[in-house]
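When we follow numbering that gives the first Met the number 0, the leftmost residue of the sequence shown carries the number 0, and every step to the right adds one. Please read the structure below before turning to the comments.
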Amino acid sequence: MVESYLTGLIVGGGLIVAIGAQNAYVLSQAIRREHHWWAAGVCMTADITLFTLGMFGVSAALMAMPQALEVLRWFGVVFLGWLAVQAFVRASRGRATLEAREVSRRSVKGVLLTTLAVTLLNPHVYLDTLLLVPAVGAQQPSAAAFLAGASSASVLWFGLLAWGGSAMAPVLSRPLVWRVIDGVIGVMMAAIALQLALNGSLEP
């Protein structure tokens, strides 16, 4: 059981860390201290839900609807591209503009919807959580322990991003540092959008 748990922790953690769009968004919210725990909670919940669905065989239904993945792919390209443009605009204007607009902070609902979009509009998320994770989990002595390990990885990782980004906010939110962070986030979002657009095949 312990071996299955650790395997799930490692496999789940590796896949979650590799999904850059989620990480970049949660970290940016944490640095702003703008409903970052809500954003992290949505990512945790989505991962655990998808891991669980994958272990219960929803992956077969997913692969039977390739058109749905194709639609998600292009929605993801447009949405991530839009987030990239926003990040580049923030980087060009600097922290002073952000502070001047502090009164216009987004609502919890707005952050939740954006987090859901960043999470669910990336078809590779489904391939990872509904196909790859169950494929490894099916080979473990304890599927339940493996699922618990993969779920723990999500909770630990996004909890660390939310806490770490918030704790480091006084340093990370300095004007020059903030511009660099926004620039990096913009590049990451644009790169992921470009990858989705160019890699038409979503076969695992």
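Idealized CB from N, CA, C, for every residue including glycine. Quick caveat, the model's predicted, so the values are computed rather than measured.
task = Pick out whichever of 135, 9 and 163 has its Cα sitting closest to the Cα of residue 23.
result = Nearest of 135, 9 and 163 to residue 23, Cα basis: 163.
request  = Might you give, ordered along the chain, the residues of its own chain that have their beta carbon closer than 6 Å to the beta carbon of residue 102, omitting 5 neighbours on each side?
outcome  = For residue 102, the predicted model reports a pLDDT of 40, less than 50, meaning its position is unreliable; a value from the coordinates is still stated below. If the five residues before and after residue 102 are omitted, its C-beta is found closer than 6 Å to no C-beta atom of its own chain.
request  = Answer yes if the segment 3-12 comes into contact with the segment 144-156, meaning at least three C-beta pairs across the two stretches below 8 Å, and no otherwise.
outcome  = A contact exists between the segment 144-156 and the segment 3-12.
Residue 35 - DSSP class collapsed to helix/strand/coil = Reduced to three states, the DSSP call for residue 35 is helix.
inquiry  = I need the boundaries of the alpha helix (DSSP H) containing residue 113, first residue and last residue.
reply    = Where residue 113 is concerned, the enclosing alpha helix (DSSP H) stretches over 107-119.
task = Would you mind sorting residue 26 into buried or exposed? The rule is 16 or more other CB atoms within 10 Å of its CB.
result = So residue 26 ends up on the buried side.
key: Given 8 Å, three or more beta-carbon pairs between the segment 167-187 and the segment 45-54   = In short, these stretches do not touch, since the Cβ pair count stays below three.
ask   = Whose C-alpha, out of 113, 82, 73 and 2, is nearest the C-alpha of residue 40?
value = Comparing Cα positions, the closest option is 113.
key: Reference residue 91; option with closest CA among 120, 190, 196 and 180   = Per the Cα distances, 180.
inquiry  = Measuring alpha carbon to alpha carbon, tell me which residue in 29, 47 and 33 is nearest residue 127.
reply    = The shortest C-alpha separation from residue 127 is found at 47.
inquiry  = Just to confirm, is the Cβ distance from residue 182 to residue 78 under 9 Å?
reply    = No, these two residues do not count as a Cβ contact at 9 Å.
query = What whole-angstrom Cβ distance do residue 190 and residue 11 have, given they're in contact under 8 Å?
reply = In fact, because the Cβ distance is near 23 Å, the residues do not count as touching under 8 Å.
query = Given a threshold of 16 other Cβ atoms within 10 Å of its Cβ, counted over all protein chains shown, does residue 100 qualify as buried or as exposed?
reply = With a pLDDT of 43 at residue 100, under the threshold of 50, the modelled position of that residue is not reliable, and the figure given next carries that caveat. Answer is exposed; the Cβ neighbour count stays below 16.
ask   = Which of the three DSSP states, helix, strand or coil, is assigned to residue 194?
value = Here residue 194 sits in helix by DSSP.
task = Check whether the Cβ atoms of residue 154 and residue 49 lie closer than 9 Å to each other.
result = Judged by beta-carbon spacing, residue 49 lies beyond the 9 Å limit of residue 154, meaning their Cβ atoms are not closer than that value.
ask   = How about residue 20 and residue 117: are their beta carbons less than 9 Å apart?
value = Their beta carbons are under 9 Å apart, which means residue 20 touches residue 117 by this criterion.
ask   = What is the rounded straight-line gap between the Cα of residue 168 and the Cα of residue 122?
value = Cα to Cα, residue 168 sits roughly 31 Å from residue 122.
6 Å CB neighbourhood of residue 45 in its chain, flanking five on each side removed = Within the same chain, 118 come within 6 Å of residue 45 by CB-CB distance, once the 5 residues on both sides are set aside.
key: Close Cβ partners of residue 141 (< 8 Å) along its chain, the five nearest in sequence each way excluded   = The beta carbon of residue 141 is closer than 8 Å to those of 0, 3 and 4 in its chain, skipping five residues each way along the sequence.
task = Would you mind sorting residue 76 into buried or exposed? The rule is 16 or more other CB atoms within 10 Å of its CB.
result = In summary, residue 76 is buried, with 16 or more beta-carbon neighbours lying within 10 Å of its beta-carbon over all protein chains present.
Collapsed DSSP secondary structure at residue 139 in the structure displayed = Note: residue 139 maps to coil in three-state DSSP.
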